[in-house]
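**Q** The structure under discussion is supplied below as structure tokens; questions concerning it will follow.
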Amino acid sequence: MLVSAKEMLNKAREGKYAVGQFNINNLEWTKAILLTAEELKSPVILGVSEGAGKYMCGYKTVVGMVNGMLEELNITVPVALHLDHGSFEGAKACINAGFSSIMFDGSHYPIEENIKMTTALVNTCDVLGISLEAEVGSIGGEEDGVIGAGECADPNECKAIADLGVTMLAAGIGNIHGKYPENWAGLSFDTLAAVKEKVGDMPLVLHGGTGIPEDMIKKAISLGVAKINVNTECQLSFAAATREYVEAGKDLQGKGFDPRKLLAPGFEAIKATVKEKMELFGSVGKA
Ligand code: 13P
Numbered sequence: 007m008l009v010s011a012k013e014m015l016n017k018a019r020e021g022k023y024a025v026g027q028f029n030i031n032n033l034e035w036t037k038a039i040l041l042t043a044e045e046l047k048s049p050v051i052l053g054v055s056e057g058a059g060k061y062m063c064g065y066k067t068v069v070g071m072v073n074g075m076l077e078e079l080n081i082t083v084p085v086a087l088h089l090d091h092g093s094f095e096g097a098k099a100c101i102n103a104g105f106s107s108i109m110f111d112g113s114h115y116p117i118e119e120n121i122k123m124t125t126a127l128v129n130t131c132d133v134l135g136i137s138l139e140a141e142v143g144s145i146g147g148e149e150d151g152v153i154g155a156g157e158c159a160d161p162n163e164c165k166a167i168a169d170l171g172v173t174m175l176a177a178g179i180g181n182i183h184g185k186y187p188e189n190w191a192g193l194s195f196d197t198l199a200a201v202k203e204k205v206g207d208m209p210l211v212l213h214g215g216t217g218i219p220e221d222m223i224k225k226a227i228s229l230g231v232a233k234i235n236v237n238t239e240c241q242l243s244f245a246a247a248t249r250e251y252v253e254a255g256k257d258l259q260g261k262g263f264d265p266r267k268l269l270a271p272g273f274e275a276i277k278a279t280v281k282e283k284m285e286l287f288g289s290v291g292k293a
């Protein structure tokens, strides 16, 4: 059964580790992430962007697929199904479809609007036992057509949003979706510490987990980050493994064109990436 991310993130914050959110795109992605979490006895969050939701034929299809896998694969670790960077309409649609966790990303609205729209979702999520992530200070880079400038959040605005009763808060600290450019200045730990000071015990979320150096990840966790989102890194490892298979001509040998064979190296590559991240984040054995 899907669970809210609340308990797993509160435990992570107390235990000074982070739970990974890994974005899914299809059946192979979902199966690879769930099996790795189960093997490593790690809690896990499956992230679904609005674009990926559309690609997978809508939120109901996603909920059906994930619930089916939890049962058929005998997954016993806590799993949350989470809308990533949701619009207000998207959030409502995912609540209705059976997601157990929602992100409403109001970071591109003026703070008063962000507060108003986040407030409108707090009660519904509370009543239904769904965790709710809010965002202040947009994350840099481009994701599904949503372009952010990589701002550093205003700690007072973070407090205003945290006080609304959300479950977890994503604050921009100079992080970027996708690969980091050569001249990236790194995470702003001053901003993170100032946000933490204002929001107290609320679990903080670090987006743009791809390519952040290990020492920065560890420092971010020590400063209150309890959820780290990874998307691009699984895409890159899947693509590299698939490329290797095709370039080696394996799709032309025997039944190598069978999708169950063709997609197998990419599937294994996702598993390896997820394992590496769970070990780095410290969530192994915490389920
Ligand atoms: P990356 O694609 O950079 O790993 O970021 C993922 C993310 O933050 C999803 O919200």
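Count along the sequence shown from 1, then add 6; that gives the number in the numbering used here. All C-beta atoms in this analysis are idealised placements derived from N, C-alpha and C, irrespective of residue type, glycine included.
Please state whether DSSP places Asn162 in a helix, a strand or coil.
**A** Here Asn162 sits in helix by DSSP.
**Q** What does a CB cutoff of less than 8 Å around Glu203 pick up in its chain, not counting 5 residues either side in sequence?
**A** Here the set comprises Pro161.
**Q** On the DSSP bridge assignment, give the partners of Asp90 in chain order.
**A** DSSP lists Ser55 as partners of Asp90.
**Q** Measuring straight from C-alpha to C-alpha, what distance separates Cys158 and Glu141?
**A** The straight-line gap from Cα to Cα measures roughly 11 Å.
**Q** Comparing C-alpha positions only, which one of Asp132, Cys100, Asp196, Leu52 sits nearest to Leu170?
**A** With distances taken between Cα atoms, Leu170 lies closest to Asp132.
**Q** Near Asp257, which residues of its chain fall below 7 Å by C-beta distance, leaving aside the five closest residues on each side in sequence?
**A** Within the same chain, Asp257 has close Cβ partners Tyr251, Phe263, Leu268.
**Q** Looking only at its own chain, which residues have a Cβ that is under 8 Å from the Cβ of Lys37, when we skip the five neighbours before and after it?
**A** Met75, Leu79, Phe273.
**Q** Using a Cβ distance threshold of 8 Å, determine whether the stretch 172 to 190 contacts the stretch 225 to 240, with at least three qualifying pairs required.
**A** As far as the Cβ criterion goes, the stretch 172 to 190 touches the stretch 225 to 240, which means the pair count is three or higher.
**Q** Can you give me the start and stop residues for the alpha helix (DSSP H) that Gly178 sits inside?
**A** Counting along the chain, Gly178 falls outside any alpha helix (DSSP H), and DSSP gives it neither H nor E.
**Q** Exposed or buried, which one is Pro49 when buried takes at least 16 other CB atoms within 10 Å?
**A** By the neighbour-count rule (16 or more Cβ atoms within 10 Å), Pro49 is buried.
**Q** Could you tell me whether the stretch 240 to 248 touches the stretch 193 to 213, where touching means 3 or more Cβ pairs closer than 8 Å?
**A** Not touching, per the Cβ criterion.
**Q** Can you name, in chain order, every residue of its own chain whose Cβ lies under 7 Å from the Cβ of Thr279, other than the five neighbours on each side?
**A** So the list reads Glu239, Cys240, Ser243, once near-sequence residues are dropped.
**Q** State buried or exposed for Thr216, treating a residue as buried only when at least 16 other CB atoms are found within 10 Å of its CB.
**A** Classification for Thr216: buried.
**Q** Is the beta carbon of Ile182 less than 8 Å from the beta carbon of Ser194?
**A** Contact flag unset, no.
**Q** Could you give the first and the last residue of the continuous alpha helix (DSSP H) run that contains Gln241?
**A** Taken as a continuous stretch (DSSP letters only), the alpha helix (DSSP H) holding Gln241 covers 238 to 253.
**Q** Flag this pair as yes or no: are the beta carbons of Gly255 and Ile145 separated by less than 8 Å?
**A** No, they are not a contact pair.
**Q** Output yes if chain D places a C-beta closer than 8 Å to the C-beta of Lys17; else output no.
**A** Of the protein chains in this structure there is only one, and it is not chain D.
**Q** From the DSSP output, which residues share a beta bridge with Leu270?
**A** According to the sequence as given, residue 270 is Ala; it is not Leu. For Ala270, which the question treats as bridged, DSSP gives no partner whatsoever.
**Q** Using the DSSP secondary-structure output, state which residues sit across from Met109 in a beta bridge.
**A** Met109 is bridged to Glu139.
**Q** Check whether the Cβ atoms of Arg19 and Pro209 sit closer than 8 Å, and answer yes or no.
**A** It is a contact, given that the beta carbons lie within the stated cut-off.
**Q** For the alpha helix (DSSP H) containing Val211, list its first residue and its last residue.
**A** That residue, Val211, is in no alpha helix (DSSP H); its beta strand (DSSP E) goes 210 to 212.
**Q** When you compare the CB positions of Ile30 and Ala58, do they come within less than 8 Å of one another, or not?
**A** It is a contact, given that the beta carbons lie within the stated cut-off.
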